[in-house]
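Scroll down for the structure; my scribbles are underneath it.
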Amino acid sequence: MTSQTAAKLERLAAEGRPALIGYLPVGFPSVEGSIEAAKTMVDAGVDIVELGVPYSDPVMDGPVIQRATEVALKGGTRVRDAFTVIEAIGAHAPQVPVLLMSYYNPVLRYGVDAFARDLAAAGGAGLITPDLIPDEGGPWIEAAKTHDLDRVFLVAPSSTPDRLALTAAAARGFVYAASHMGVTGARDEIDLAARTLVDNTRAAGADHVCLGLGITTADHAAAVGAYADGVIVGSAFVNALSVDADWASRLDALQAVAGHLADGVARARRKVL
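Each residue of the sequence shown is one higher than the one before, starting from 210 at the first, in my numbering.
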């Protein structure tokens, strides 16, 4: 069994660059709209797609993503819609792994094994669980193993060496390193502690470490991509879709942001081993 996500990261690393991982919430501004938006991101240079399952208590999300999630929920978006979006992206770009990001309560309510089964059947690569720690994630870990799915857990600057090692051992695909404590959103600078966190997570046994939270510019992407395996961007993409304009113009704005960030990632050339 091979991780779709790890395989993609390794192919890109062989080319000497990190991955650009783009986040969008499912159902914003509609289910069909999120499909169009994801396709636009991929066509503009996003290597891996992260789709957020809308949830009423998104404790890790900043105001930009929270507002988009509220729109999705008011529009009636459900967990099953995420599988529909995954299938559409897979049909458009089968070379692009698609991960879901979900708080754990929707997974529990859906049924852990049923969720894993349906995610795999839709072609999903795996699941990012921001509020689930490995030592409390036994049922999910077992279901993910059964259905050959990636398990992406988070670490933060406050994570202890023991926590880093536990997370690295439980993860498959990559470990998500949060660049700072707090919620998602734009930052003028990426904390220097972020590089230490990536280095320490790799030293703790993680095969791949991707960094997110606060990355909004090509310069950010180039700087982070010099040491992380992937650059995770969310709010910058959601902001582009949130402008007060017609839908075509919003997609154009999204395409421009994706292209800008892809250019930054392309500058993060690293030595090919």
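We put the CB at the ideal spot given by N, CA and C, even for glycine. The model shown is predicted, which means the values in this text are computed figures rather than measured ones.
Asked                                                                                                               : Found
Could you tell me whether the Cβ atoms of Tyr436 and Arg404 are closer together than 8 Å?                           : yes
For Leu282, tell me which candidate among Ala334, Val235, Leu229 and Glu351 has the shortest Cα-Cα distance.        : Val235
In this structure, does DSSP put Leu317 in helix, strand or coil?                                                   : helix
Using the beta-carbon count (16 or more within 10 Å), is Arg318 buried or exposed?                                  : exposed
Between Val442 and Val418, how many whole angstroms is the CB-CB distance? I'm expecting something under 8 Å.       : The Cβ separation is near 16 Å, so there is no contact.
Can you name the start and end residues of the beta strand (DSSP E) that Ile257 belongs to?                         : Ile257 to Gly261
How do the region 237-246 and the region 308-323 stand: do at least 3 beta-carbon pairs fall below 8 Å, yes or no?  : no
So, is Lys480 buried or exposed, given that buried needs 16 or more other C-beta atoms within 10 angstroms?         : Legend: pLDDT at Lys480 = 45, less than 50; position of this residue unreliable, no value from coordinates given.
First and last residue of the beta strand (DSSP E) that includes Asp359?                                            : Asp359 to Val361
Using DSSP's beta-bridge definition, name the partner residues of Gly335.                                           : Leu308 and Asp359
Need the endpoints of the alpha helix (DSSP H) that Gly299 sits in, please.                                         : Val288 to His301
Under the criterion of a Cβ to heavy atom distance below 7 Å, does Gly225 qualify as lining the ligand NAD?         : In terms of ligand content, the structure shown is empty, and the ligand NAD therefore cannot be addressed.
Less than 8 Å between the CB atoms is what I'm expecting for Gly468 and Ala228, so what's the real figure, rounded? : The Cβ separation is near 16 Å, so there is no contact.
For the beta strand (DSSP E) holding Gly421, just list the boundary residues, first then last.                      : Val418 to Gly421
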